[in-house]
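Working notes for the structure below.
There are 2 protein chains.
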Amino acid sequence: MAVPQIEELELLHARICRAFGDTKRIQIMYALHEEPRHVTALAELLDTPQPTISRHLAVLRDRGLVTTQRDGAAVVYALSDDRVIMVLNLMRQILRGLLERQSDHLGVSESR
Amino acid sequence: MAVPQIEELELLHARICRAFGDTKRIQIMYALHEEPRHVTALAELLDTPQPTISRHLAVLRDRGLVTTQRDGAAVVYALSDDRVIMVLNLMRQILRGLLERQSDHLGVSESR
DNA sequence: TCCATGTATTCGTTTATGCGAATACGTCAT
DNA sequence: ATGACGTATTCGCATAAACGAATACATGGA
Numbered sequence: 404m405a406v407p408q409i410e411e412l413e414l415l416h417a418r419i420c421r422a423f424g425d426t427k428r429i430q431i432m433y434a435l436h437e438e439p440r441h442v443t444a445l446a447e448l449l450d451t452p453q454p455t456i457s458r459h460l461a462v463l464r465d466r467g468l469v470t471t472q473r474d475g476a477a478v479v480y481a482l483s484d485d486r487v488i489m490v491l492n493l494m495r496q497i498l499r500g501l502l503e504r505q506s507d508h509l510g511v512s513e514s515r
Numbered sequence: 404m405a406v407p408q409i410e411e412l413e414l415l416h417a418r419i420c421r422a423f424g425d426t427k428r429i430q431i432m433y434a435l436h437e438e439p440r441h442v443t444a445l446a447e448l449l450d451t452p453q454p455t456i457s458r459h460l461a462v463l464r465d466r467g468l469v470t471t472q473r474d475g476a477a478v479v480y481a482l483s484d485d486r487v488i489m490v491l492n493l494m495r496q497i498l499r500g501l502l503e504r505q506s507d508h509l510g511v512s513e514s515r
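Residue numbers (the numbering used here), protein chains in the order written: chain A, 404 to 515; chain B, 404 to 515.
If you want it as C-alpha cells, here you go:
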C-alpha cells in the first residue's frame with residue numbers, strides 16, 4: 404500500500420498541491436511567512452493589483468492554508484501552517500539538485 | 404529577503420510545483436517510489452491508458468523528476484530524487500491538520 | 001446617513017491542461 | 001525486412017485557471 408488510495412487522499416491532496424501551482428500564491432505564502440499582512444500590503448509588496456491578490460487569497464483561504472483576522476476595515480492574512488514553507492523550501496532544494504545535474508549533463512562549467 | 408526573487412526561483416519553482424498538480428502524476432511518483440517500473444506496469448497498476456501514463460511521464464521527465472533506463476523494448480522509470488515523496492508526505496500531514504481544524508469548526512464529533 | 005478606505009466578487013476573454021483516439025516510433029527476434 | 005511488443009507523440013476537444021476591468025460589499029468615522 405505504498406501508493407495511497409485515490410479517493411481519500413490523492414484527490415484532496417491535489418487540492419493542496421494546486422494551491423502551490425501559481426507563482427503569485429507562492430510569493431504570497433512566503434510574504435505571509437515573513438509576517439501577517441493585509442491585502443493592500445501584499446498588493447504593494449508584490450506589485451500586483453489588489454483584486455488579483457484577493458482572488459489568490461481566496462484560493463488559499465478556501466483550501467484552509469491561510470487564516471484571516473479583521474483589523475478595522477482591513478483584513479490581516481496569516482499562514483495557518485508554516486510547514487507549507489518547509490514544503491516550498493524542500494522543493495527548492497530538489498530543484499537545485501535537478502538544475503545541477505542538468506548542467507553537468509550539458510557539460511556546463513559550474514558557475515557561482 | 405524572505406520572499407525569494409521571482410526571476411531566478413519562483414518561476415522555475417512553479418515548474419516543479421505544477422508537476423505535483425495532477426493526481427495521476429502523484430500516484431505515479433508514489434508508485435515509482437515503491438520501485439522503478441516500466442510504462443506498461445504503471446498503466447496496469449493505475450488502471451490508466453498507456454498514452455496517458457506516457458504523457459504524464461513526459462511531464463515528469465521534462466522537469467527532471469524521473470530518470471529513464473531502457474530494458475529492451477521497455478523503458479524503466481525511476482524517481483530521480485526521493486525527496487519528492489518527503490514533499491508529498493509533508494503535504495499530507497498539512498492536509499490532515501487542515502481537515503481536523505475544519506471538522507472542529509464545524510462542530511463535528513471526532514471520528515476514528 | 002454618507003463617505004472614504006479596504007476588500008471581495010463578477011464578467012468576459014485568453015491561455016493552459018488533460019483526455020481519448022489514432023498513430024508514429026523504437027527495439028528485438030525471426 | 002517484417003512483425004510483435006512497448007513506448008511516445010499528435011490531433012481535436014472539453015474543462016479549468018488566471019487576468020484586467022469594473023463593480024459590489026464591508027467597516028469605521030464625520
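Using N, Cα and C, we set each Cβ at its ideal position, and we do this for glycine too.
No experiment lies behind these values; they were computed from the predicted model shown.
Neighbour-count burial assignment, residue i, 16 or more Cβ in a 10 Å radius
i                 : result
ARG440 of chain B : buried
SER514 of chain B : Reliability of the predicted coordinates at SER514 of chain B is poor, the pLDDT of 47 falling under 50, and the value obtained from them is presented with this limitation in mind. Looking at its Cβ environment, which holds fewer than 16 other Cβ atoms inside 10 Å, SER514 of chain B is exposed.
GLN430 of chain A : buried
GLY467 of chain B : buried
ASP507 of chain B : exposed
LEU502 of chain A : exposed
ALA422 of chain A : buried
Spatially closest choice to residue i from the options, by CA coordinates
i                 : options                                   : result
VAL490 of chain A : A:CYS420, A:VAL442 and A:GLN408           : A:CYS420
GLU438 of chain A : A:LYS427, A:ALA481, A:ARG464 and A:ILE409 : A:ALA481
HIS416 of chain A : B:ARG464, B:LYS427, B:ALA417 and B:LEU415 : B:LYS427
ILE409 of chain B : A:THR471, A:ASP450 and A:ARG418           : A:ASP450
MET432 of chain B : B:HIS459, B:GLU447, B:THR455 and B:ARG418 : B:HIS459
VAL479 of chain B : B:ILE456, B:ALA422 and B:ARG418           : B:ILE456
ARG418 of chain A : A:MET494, A:LEU448 and A:ARG464           : A:ARG464
Residue i and residue j closer than 8 Å at C-beta
i                 : j                 : result
VAL469 of chain A : LEU435 of chain A : yes
GLN496 of chain A : ARG486 of chain B : yes
VAL442 of chain B : GLN453 of chain B : yes
GLY424 of chain A : ASP484 of chain B : no
N- and C-terminal bounds of the alpha helix (DSSP H) containing residue i
i                 : result
THR426 of chain B : 426-437
ASP443 of chain B : A small fix is needed here, since residue 443 of chain B is Thr in this sequence, not Asp. Note, THR443 of chain B: alpha helix (DSSP H), 442-448.
THR455 of chain A : 453-465
beta-carbon residue i near the ligand SAH non-hydrogen atom, thresh 7 Å
i                 : result
TYR480 of chain A : For the ligand SAH, the structure offers nothing, since it holds no ligand at all.
Element boundaries [beta strand (DSSP E), containing residue i]
i                 : result
GLN472 of chain B : 469-474
| request: Could you name each continuous alpha helix (DSSP H) segment of 4 residues or more that falls completely within the segment 476-509 of chain A, going from the start of the chain to the end? | output: Runs found: 486-508.
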